[in-house]
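Below is one structure, written out as structure tokens, with a few remarks after it.
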Amino acid sequence: MRFSQIAGFLTLSAAISLVPGCGNNGGEQPAQTVSAHDRATAPEQDLITATDIIEADANPGEWLSHGRTYSEQRFSPLATITAENAGDLGLAWSFDLGTSRGIEATPIVHDGIIYVTANWNVVHALDATTGKEIWRYDPKVDKSRAAILCCDVVNRGVAIWGDKVYMGTIDGRLIAIDAKNGEAAWDVGTVDLSKPYSITGAPRIVKGKVIIGNGGAELGVRGYVTAYDAETGDQLWRFYTVPGNPAEGHENKLMKRIAQTWTGRWWEVGDGGGTVWDSMAYDPELDLFYIGVGNGSPWNHQLRSPDGGDNLFLSSIVALRPDTGEYVWHYQTTPAETWDFTATQHMILADLEVDGAVRKVIMQAPKNGFFYVLDRENGELLSAQNFVPVNWATHIDMETGRPAEIAAARWPGKQPYGQLPGPLGAHNWHPMSYSPDTGLVYIPAQEAPWAYGEDPDFTYKDNLWNTGSDFFYSALPTEAAQFKAAKAALKGRLLAWDPVKQEAVWAVEHGGPWNGGVLSTAGGLVFQGTADAHFAAYDARTGEKKWRFFTQTGIVAAPISYKIGDDQYVAVAAGWGGSFVLGYGGVFPTGSEAKLGRILAFKLAANGSLPELENVAGPIDVPALITADPDIIAAGQRAYGDYCSVCHGDQAYSSGLVPNLRFSPMTADEEAWRSVVVEGALAPLGMPDFSGLIDEETAAAIRAYVISEANSGRDKAFYEEIAKQ
Ligand code: CA
């Protein structure tokens, strides 16, 4: 049966709302509508130039670039809101984005207007005083690309320059939008769409060049960053982070040189990876542009580079010349990366006194759990210390700059290894913040263990996950006490870290991992949202909680601050989602399950409130138990782990960001299931096309497993009860 026939027994809209894929757009309501007479163009604005961003502190009321300054400190010099008066904060306004997925954007503020992105790359320009929409731009992305996105249909924000707003899209485009009226000025493709590339990161703009990377290293791509002329969209340069197939000729001497650190035929099993999907920074004085490089593809180093090798520039910070893309230096955090240990996490530039001398440093707390301080002029390692418990390396050797690895972490004899941190990282993309006032870095840190082991059946599959690491080992236990223990091992905290002494100063424990990014302010405050749907202010020196607000949905994005007239605002994008939520949001509920996306703005003496939460419809019937041989269910569980769990959740119980297969009519109907899983009937809507990869027998086994989970007795009440403990 094909999709048209499925649509015959459900209605088309119902079918869409039940699409079993990471790309489901189901249930989303249109954003607050702007009627024709409300629609306006923005007032005349000052053009944004390099000087404006370099001298951002001369205009502390604005937020002109992703990390506010090129140093990406995410520190606001505004001090109207202080530790003393933070208790008077209230909601000034909120804006409904009309979405139901993760919202990861950092808003940009200029001339009283907020520019912010929502799911599916819709850009909103809002009046920063009232939250009223001025214009909206929808690039109408190809939603089928959602099938190749590892970690939700998210975007981390726009950049502004001159009179334009710039955004990268999930279908690999870079778009310039007229800041005045929200109309596209130019729109260029930045990727080969035959490969599983996507863009979720925010562009950075340096000296009139828009620089953008991409993602896709879970599935199989070769990473790079590209610079485009901000005015015309013309491509100026491209820097590859890993070498290509030597037989096709290396692009330059650097590629030839780094190819010496690779072995085997990496271009046949995932193109190497090394995507630059988030973090970048710029030092105008040194004229160095820094990029954070991601994990290998496949994750498993032995499959990617079987005869060894460090695999440059995976998991590295690389310094480039922004005019040409010329390589200057690199530091590799995790040589021979095999754990999805990206170095794409937020990088902060600051001047720190180290051993009596002021050094220009770059700081990063990547997934691997160590906090690095490097000299940003030459990449020299100044210090490194673990900021959470780690068991893959004992320390970083200061002579060689390399981690002293624990041998078991590479699965000798193919023995799986329970490790901290895992692929979710000790710190993921959620931005941290550095306060020059306190000298502390505020990290959204977490502990999320993972059991790694080799996938014995690995073969490269186009446009699907290709990790070479068997997810079977990391599936959660089903027995209640063990499940409870697994829950207890998941931790998250706001960690105040002294980067000079390399030690914790204070920490605030949260209910679990996957909390929001951080803002620090000259008012002596640190702001952070949490997975359990709260937004709070803490004393920057002590961690004492000064204020908190119930936001109805979990927060993963980072807050910003700006000033209009005499009022200092703190704003944050709320919307629960991302990779942790797709995989574990169902089995580890946080109390933030409301599926909505909003921009929230707070100021002193405001008393706005959010609309009351509507009752979310409960799950429909559990599919009737079918009798299946335990061996078939076990085979189904294994295949579910290989193909389904990253989107539809552990134990076949999803967060609801994508359909919960236990309650899906597709599961109840054997023929519908077969058509979707075996024939790719819903591929146009973002469900991966598994045709040719999952055969009839395996599809039936996966269905038998899902139905057995649906009847397991581990239901919503079970997961909620354990979440409370
Ligand atoms: Ca990754």
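Residue numbers (the working numbering): 143 to 867. All residues carry an ideal CB built from backbone N, CA and C; glycine is no exception. As the structure is a computational prediction, the values presented were derived from the model and not from experiment.
Any non-hydrogen atom of ligand 1 within 7 Å of residue i CB
i: Asp708; result: no
i: Glu360; result: yes
i: Met437; result: According to the sequence displayed, residue 437 carries Asn and not Met. True, at least one ligand heavy atom lies under 7 Å from that Cβ.
i: Asp482; result: yes
CB contact flag (residue i, residue j, <8 Å)
i: Thr342; j: Ile312; result: yes
i: Ala301; j: Ser207; result: yes
i: Gly791; j: Gly855; result: no
i: Thr417; j: Gly436; result: yes
i: Ala682; j: Ser662; result: yes
i: Gly299; j: Ala247; result: yes
i: Ile459; j: Ser213; result: no
i: Pro563; j: Val532; result: yes
i: Gly654; j: Leu632; result: yes
i: Gly720; j: Asp294; result: yes
i: Leu738; j: Asp280; result: no
i: Gly350; j: Val296; result: no
i: Tyr257; j: Val264; result: no
i: Gly750; j: Leu233; result: yes
i: Trp607; j: Pro565; result: no
i: Ser457; j: Gln444; result: no
i: Ala590; j: Phe529; result: no
i: Thr222; j: Gln710; result: yes
i: Asn657; j: Ala638; result: no
i: His569; j: Ala507; result: yes
i: Cys789; j: Leu835; result: no
i: Gly828; j: Lys337; result: no
i: His488; j: Pro573; result: yes
i: Asn853; j: Val764; result: yes
i: Tyr366; j: Arg346; result: no
i: Thr374; j: Trp328; result: yes
i: Leu335; j: Gly314; result: yes
i: Ala865; j: Phe730; result: yes
Bridge-paired residues (DSSP) for residue i
i: Tyr602; result: According to DSSP, Tyr602 bridges with nothing at all.
i: Ile538; result: Pro545
i: Trp235; result: Ala743
i: His443; result: Note: His443 sits in no beta bridge, so no partner.
i: Val820; result: Paired residues: none, contrary to the question.
i: Lys502; result: Asp493
i: Pro586; result: Leu636
i: Phe669; result: Leu661, Ala679
i: Gln377; result: Tyr370
i: Ile347; result: Val352
i: Asn528; result: Phe512
i: Gln561; result: Trp592
i: Ser213; result: Beta-bridge pairing links Ser213 to no other residue.
i: Leu396; result: Its beta-bridge partners do not exist; DSSP assigns none.
i: Ala301; result: Tyr308
i: Ser286; result: Ser286 pairs with nothing; no bridge assigned.
i: Ser218; result: Thr663
i: Gly357; result: Ser340
i: Gly450; result: Paired residue(s): none; Gly450 is not in a bridge.
Beta carbon proximity, residue i to chain B, threshold 8 Å
i: Thr332; result: Considering every chain present, this structure includes no chain B. It has just one protein chain.
3-residue-minimum beta strand (DSSP E) runs that sit fully inside the stretch 685-764, ordered along the chain: With a minimum length of 3 residues, the continuous beta strand (DSSP E) runs that stay inside the stretch 685-764 are 687-692, 702-706, 709-716, 740-746.
In chain order, what are the residue ranges of uninterrupted alpha helix (DSSP H) at least 4 long that sit wholly in the stretch 597-657? 622-631
Jot down the residue ranges of each uninterrupted alpha helix (DSSP H) in the stretch 791-857, minimum 4 residues, whole runs only, in chain order. 807-810, 812-821, 838-852
Which runs of the beta strand (DSSP E), 3 residues or longer, sit entirely within the stretch 256-281? 265-269, 275-279
With a floor of 3 residues, list each beta strand (DSSP E) that falls wholly inside the stretch 403-445, ordered by position along the chain. 422-425, 430-434
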